[in-house]
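Heads up: the structure comes next, in structure tokens.
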Amino acid sequence: MQSEHQSVARKDNDKASYLVGQDDEGHWLAVEIHGLGGGIFMSRDKAFRYARDESHGLPGAVRFVDEPICLFIS
Numbered sequence: 023m024q025s026e027h028q029s030v031a032r033k034d035n036d037k038a039s040y041l042v043g044q045d046d047e048g049h050w051l052a053v054e055i056h057g058l059g060g061g062i063f064m065s066r067d068k069a070f071r072y073a074r075d076e077s078h079g080l081p082g083a084v085r086f087v088d089e090p091i092c093l094f095i096s
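Heads up: the sequence shown begins at 23 in our numbering, then just goes up one per residue.
Have a look at this one:
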């Protein structure tokens, strides 16, 4: 189940890059590195699929991280 997420329109030549990892509480997150989008997910796979789809499957656009990450929603 996805909860909060947002998408921001980008120019075609702008590349969205995402980090996929867990927060301090163990929730799976996908976070766009410029703060333009992201989400909280029930599994690593769902977070990865969201990040891959949002970055249009561009090679290298999704990176997994071991350290805790945060998602800021304003």
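Just so it is clear, CB atoms sit at the ideal spot from N, CA and C, and this is done for glycine as well.
All values derive from a computational prediction rather than experimental measurement.
### Query
Among H49, E54, H78 and P90, which one has its Cα closest to the Cα of S39?
E54
### Task
Might you give, ordered along the chain, the residues of its own chain that have their beta carbon closer than 6 Å to the beta carbon of R66, omitting 5 neighbours on each side?
W50
### Query
Using DSSP with H/G/I as helix, E/B as strand and the rest coil, what is A83?
coil
### Task
Compute every distance between the C-beta of M64 and the non-hydrogen atoms of the ligand COA, then say whether any falls below 6 Å.
Here there are no bound small molecules, and the ligand COA is not part of this structure.
### Contact under 7 Å by Cβ, V87 with F70
no
### As assigned by DSSP and simplified to three states, the class of E89
coil
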